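Just so you know, the sequence shown maps onto residues 1 to 669 in the UniProt record's numbering. Cβ coordinates follow ideal geometry from the N, Cα and C atoms, glycine included. Fair warning: this is a prediction, and the values are worked out from it, not measured in the lab.
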Amino acid sequence: MSSKEVKAALKSARDAIRNKEYKEALKHCKAVLKQEKNNYNAWVFIGLAAAELEQPDQAKGAYKKAIELEPNQLLAWQGLANLYEKPNQIDVKGDLANVYQKLLELYESGDKQKWCDVCNKLVELYHQEKKYLEVAETWQKLIRRKQEEGAEKAELHQLWKKMIQLLKDSTRNQDNKTGQLLLTAFEHALDSADTVPGEDHQNLYKDFIQCLSKFPHEVARLEKACHDMMALYPTMSYPLEVLCLHFVNSGILSEKALQCFSRLLEMDASSGPGIIGFGIKCLKEKKYKEAVTSLTEGLQKTSQCPAAWHYLAEAQMKIHDHRNAVLSCNQALEALGTPEGSNLQWKNLALQLKAEILIKIADADAAEEAIKALEQIVDARSDPVVSALRGRAYLNKGLIDQASKISQELLLSHPGLAEGHALEGFIHYSQKNYAQSEKSFLNAIERKAGTAEYHQYLGLTYWFMSDETKKDKGKALTQFLKAAKLDSYLGSAFCYLGNYYRDVAGDKSRARGCYKKAFELDETDEESGTAAVNLSVELGDMDTALSILNEVTEKARPGTAKWAWLHRGLYWLRIGQPSQAVADLQAALRADPKDSNCWESLGDAYLSRGSYSTALKSFRKATELNPGLVYSIYRAAALEQILGKYENAIATYQQILKKTENYVPALKG
Numbered sequence: 001m002s003s004k005e006v007k008a009a010l011k012s013a014r015d016a017i018r019n020k021e022y023k024e025a026l027k028h029c030k031a032v033l034k035q036e037k038n039n040y041n042a043w044v045f046i047g048l049a050a051a052e053l054e055q056p057d058q059a060k061g062a063y064k065k066a067i068e069l070e071p072n073q074l075l076a077w078q079g080l081a082n083l084y085e086k087p088n089q090i091d092v093k094g095d096l097a098n099v100y101q102k103l104l105e106l107y108e109s110g111d112k113q114k115w116c117d118v119c120n121k122l123v124e125l126y127h128q129e130k131k132y133l134e135v136a137e138t139w140q141k142l143i144r145r146k147q148e149e150g151a152e153k154a155e156l157h158q159l160w161k162k163m164i165q166l167l168k169d170s171t172r173n174q175d176n177k178t179g180q181l182l183l184t185a186f187e188h189a190l191d192s193a194d195t196v197p198g199e200d201h202q203n204l205y206k207d208f209i210q211c212l213s214k215f216p217h218e219v220a221r222l223e224k225a226c227h228d229m230m231a232l233y234p235t236m237s238y239p240l241e242v243l244c245l246h247f248v249n250s251g252i253l254s255e256k257a258l259q260c261f262s263r264l265l266e267m268d269a270s271s272g273p274g275i276i277g278f279g280i281k282c283l284k285e286k287k288y289k290e291a292v293t294s295l296t297e298g299l300q301k302t303s304q305c306p307a308a309w310h311y312l313a314e315a316q317m318k319i320h321d322h323r324n325a326v327l328s329c330n331q332a333l334e335a336l337g338t339p340e341g342s343n344l345q346w347k348n349l350a351l352q353l354k355a356e357i358l359i360k361i362a363d364a365d366a367a368e369e370a371i372k373a374l375e376q377i378v379d380a381r382s383d384p385v386v387s388a389l390r391g392r393a394y395l396n397k398g399l400i401d402q403a404s405k406i407s408q409e410l411l412l413s414h415p416g417l418a419e420g421h422a423l424e425g426f427i428h429y430s431q432k433n434y435a436q437s438e439k440s441f442l443n444a445i446e447r448k449a450g451t452a453e454y455h456q457y458l459g460l461t462y463w464f465m466s467d468e469t470k471k472d473k474g475k476a477l478t479q480f481l482k483a484a485k486l487d488s489y490l491g492s493a494f495c496y497l498g499n500y501y502r503d504v505a506g507d508k509s510r511a512r513g514c515y516k517k518a519f520e521l522d523e524t525d526e527e528s529g530t531a532a533v534n535l536s537v538e539l540g541d542m543d544t545a546l547s548i549l550n551e552v553t554e555k556a557r558p559g560t561a562k563w564a565w566l567h568r569g570l571y572w573l574r575i576g577q578p579s580q581a582v583a584d585l586q587a588a589l590r591a592d593p594k595d596s597n598c599w600e601s602l603g604d605a606y607l608s609r610g611s612y613s614t615a616l617k618s619f620r621k622a623t624e625l626n627p628g629l630v631y632s633i634y635r636a637a638a639l640e641q642i643l644g645k646y647e648n649a650i651a652t653y654q655q656i657l658k659k660t661e662n663y664v665p666a667l668k669g
């Protein structure tokens, strides 16, 4: 076949392809290749025809042969791109990207529009594959080319915005280079905006600041962006809110942070981040109740702030609201999710705080939960304070051997650590080794004098050690006073101060004040509540006694607060109000149906009211629960006599006289 015939055959192949006669085209091309096996056009036409005949492998082979022959010719590369773009082509995206890159190279100095089209396709391909760095670098090339061509500012602005859109999901798996390119795109988009200030520019600024807040190492850039936006949009609270949350999450309460919180609240008194900031300020100033109130309110508006939940838990622990403090720690951990970087530090802090609070709850279930929390702390084994907490959790669980082992290890490895000596003290105290626990708590206080709990337990050690140390003003009393001064929410310190003033000093008025304070701090402390009421009665101050009882009974759920219902019922009985006494004593019995004394008092109340049959049932119930209640047996006999059941009455009187020969009321009966 002469060169003239080769040209004619190639023309026939081209015409056949144009007429969609692909098999015919293949015949012509094969004839050419018999004569010229390295004919570029013949291989390209075979690629085209095979692709249309759904023979992708043959098509690919033909295009690759053509490329091998002429690597810088366009046709084969274009054909290969068209082939890979077909929907039935699987696992070719990597190859297609390489083809697009070659096409960009070939179009570089030629067709500008085609270069841009391929560039868009390549970016789209990278975006589908989530190759964000390649997306950013390729799109930047497009923008650079447009700049060289003298594109208008508005067109460049749209291109920078498109780049932001393409990279917006990249912050989830951020590598530093992609992040920097995204932030650069924001800065260029802001600089090229047409209307400043304006709504689009404002929204773009918000997105920029939100994006910056996801980069922990871009603190200076974030602060600058917030201040710049505030200068342009002085009535907008958004940049201030972001700045406030940044300060909250940094854990540093600087003067700059405090100014930021104040300024935000002046601008918007209902702003969540501003209220949270104020709550943290209250916490640092030891205004714990105000801190709890503000942080709770702020978190209702801005709930996804782990640091704020941690601060709330801290404030709740300070006021001994342990159950809610644990819930706040759980919220902090939930908001953190699977953390890294600075968030990992917050997770460790939340887990440690949760364990501390659970240890203060001091029951076996809470201890188990505390141990689980401590196990999740990263590098926990190397932290002696965490080890001391684990020892206390073991002790609360009753595992004294494990607690003792940790205590001994800490005293050897960290002799200067207060928590190690305190752990030893708690172990000795639990075993009533008071002389040893005194020594341990004194060692702990020497190293950390500001811990109320250490003074409280040293006071308890002296209280139970001997009568001398209990009565010695310089021992138990001094330690309870120090504990109460260091922690004004420590109800148990005030309770023991009450015990001291009542049982040792004989000062009923001062004792009553301490019990009242203890009960105000912890409304579940029945011992303090009862003592405050009893002392008020003894001091002739019925108003105080009643106000305490009324407050408890108003808040009490059915079946609870027996002591308050019982005391108030007895009070009504004493002042001749039997119907009210009946109601309160019934409420007390709902809390404890097996209290024989309460049944006896209820019998008296029914008797005073003239309800003889019901009174008789109550006295019988009392004697059924406690056969030794002579008074109830006598009252039952007297009621049988009143009700005309003389034989029963005589038998009951005789029953009493068998036990107590000279019981005068029974003899009279």
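What number of angstroms, rounded off, separates the C-alpha of Ala666 from the C-alpha of Tyr634? Reliability of the predicted coordinates at Ala666 is poor, the pLDDT of 46 falling under 50, and the value obtained from them is presented with this limitation in mind. If I take the Cα positions, the gap works out to 6 Å.
Within 10 angstroms of the Cβ of Glu369, are there 16 or more other Cβ atoms? Answer buried if so, exposed if not. buried
Measure the beta-carbon distance from Trp463 to Lys470 and round it to whole angstroms, keeping in mind my assumption that it falls under 8 Å. 5 Å
Could you compute how far the alpha carbon of Lys458 sits from the alpha carbon of Lys318? One point to set straight first is that residue 458 is Leu, not Lys, in the sequence displayed. Between Leu458 and Lys318, the C-alpha separation is close to 20 Å.
Residues in its own chain within less than 6 Å of Glu218 by CB, not counting five upstream and five downstream? Leu212
In chain order, what residues of the same chain lie with their CB nearer than 6 Å to the CB of Ile275, ignoring the 5 residues before and after it? Ser294, Glu297 and Gly298
Which residue comes first and which comes last in the alpha helix (DSSP H) that contains Lys141? Tyr132 to Glu148
Considering just the uninterrupted stretch of the alpha helix (DSSP H) at Val32, what are its terminal residues? Following the DSSP letters along the chain, one finds Val32 inside the alpha helix (DSSP H) bounded by residues Tyr22 to Gln35.
Taking 7 Å as the cut-off, decide whether the C-beta atoms of Phe519 and Ser509 are in contact. no
Terminal residues of the continuous alpha helix (DSSP H) containing Pro306? Pro306 to Lys318
Given 8 Å, three or more beta-carbon pairs between the stretch 328-335 and the stretch 493-506: no
What is the residue span of the alpha helix (DSSP H) that Met229 lies within? Val219 to Leu232
Just to confirm, are Ile642 and Tyr612 a CB contact at a threshold of 7 Å? yes
Rounded C-alpha distance that separates Cys119 from Tyr100: 8 Å
Do you know how far the Cα of Leu240 is from the Cα of Asn247? The amino acid occupying residue 247 in the given sequence is Phe; Asn does not appear at that position. Computed Cα separation, rounded: 11 Å.
Length-filtered (3 minimum) beta strand (DSSP E) runs lying within the stretch 251-293: none
For Thr623, count the other beta carbons within 10 Å of its own beta carbon; 16 or more makes it buried, fewer makes it exposed. Which is it? Burial state of Thr623 is buried, judged by a 10 Å Cβ sphere holding 16 or more other Cβ atoms.
Closest by CA to Lys4, which one among Glu36, Ile377 and Asp15? A check of alpha carbon separations from Lys4 across Glu36, Ile377 and Asp15 identifies Glu36 as the nearest.
Nearest neighbour of Asn343, chosen from Ala313, Ile406, Gly251 and Lys289 [CA to CA]: Gly251
Hey, how far is the Cα of Ala583 from the Cα of Gly569? 8 Å
Which same chain residues, not among the five before or five after Lys432, have their C-beta less than 8 Å away from its C-beta? Phe464
Rounded distance between the beta-carbons of Leu389 and Leu359, thought under 8 Å: A small correction: the amino acid at residue 359 is Ile; Leu does not occupy that position in the sequence shown. That pair is a contact at about 6 Å.
Which residues in the same chain as Met229 place their Cβ atom closer than 6 Å to its Cβ, once the five residues preceding and following it in sequence are excluded? Tyr205 and Pro239
Relative to the alpha-carbon of Leu535, which residue among Ala511, Lys301, Asp525 and Glu523 has its alpha-carbon at the smallest distance? Ala511
Beta carbon of Asn38 nearer than 7 Å to that of Leu69: yes
Answer yes if the stretch 151-166 comes into contact with the stretch 100-116, meaning at least three C-beta pairs across the two stretches below 8 Å, and no otherwise. Using a Cβ-Cβ distance cut-off of 8 Å, the stretch 100-116 and the stretch 151-166 are not in contact, since fewer than three pairs of beta carbons, one from each stretch, lie closer than that value.
Which residue comes first and which comes last in the alpha helix (DSSP H) that contains Ser437? Tyr434 to Arg447
How about Leu48 and Gly79: are their beta carbons less than 7 Å apart? Contact: yes.
Determine the direct distance from the alpha carbon of Ser618 to that of Gly669, and round the result to whole angstroms. Below a pLDDT of 50, predicted positions are generally treated as unreliable, and Gly669, at 48, falls in that range; the measurement from the model is reported next regardless. About 20 Å.
Quick check on DSSP: helix, strand or coil for Arg557? coil
Identify, in the order they occur along the chain, each residue of the same chain with its Cβ nearer than 6 Å to the Cβ of residue 671, setting aside the five sequence neighbours on each side. Past the boundaries of the shown model lies residue 671; the chain is included only from 1 to 669, so the question cannot be answered.
Can you say whether Asn499 is buried or exposed, counting buried as having 16 or more other CB atoms within 10 angstroms of its CB? By the neighbour-count rule (16 or more Cβ atoms within 10 Å), Asn499 is buried.
Between the alpha carbons of Ala564 and Ile371, how many angstroms are there, rounded? Taking the straight line from one Cα to the other gives about 37 Å.
Residues near Ala366 in its chain [Cβ-Cβ closer than 6 Å; skip 5 each side]: The beta carbon of Ala366 sits closer than 6 Å to those of Leu358, all from its chain and outside the five residues before and after it, given in chain order.
With H, G and I counted as helix, E and B as strand and the rest as coil, what does DSSP make of Val664? A caution first: Val664 carries a pLDDT of 46, below 50, which makes its placement in the model too unreliable to give a value.
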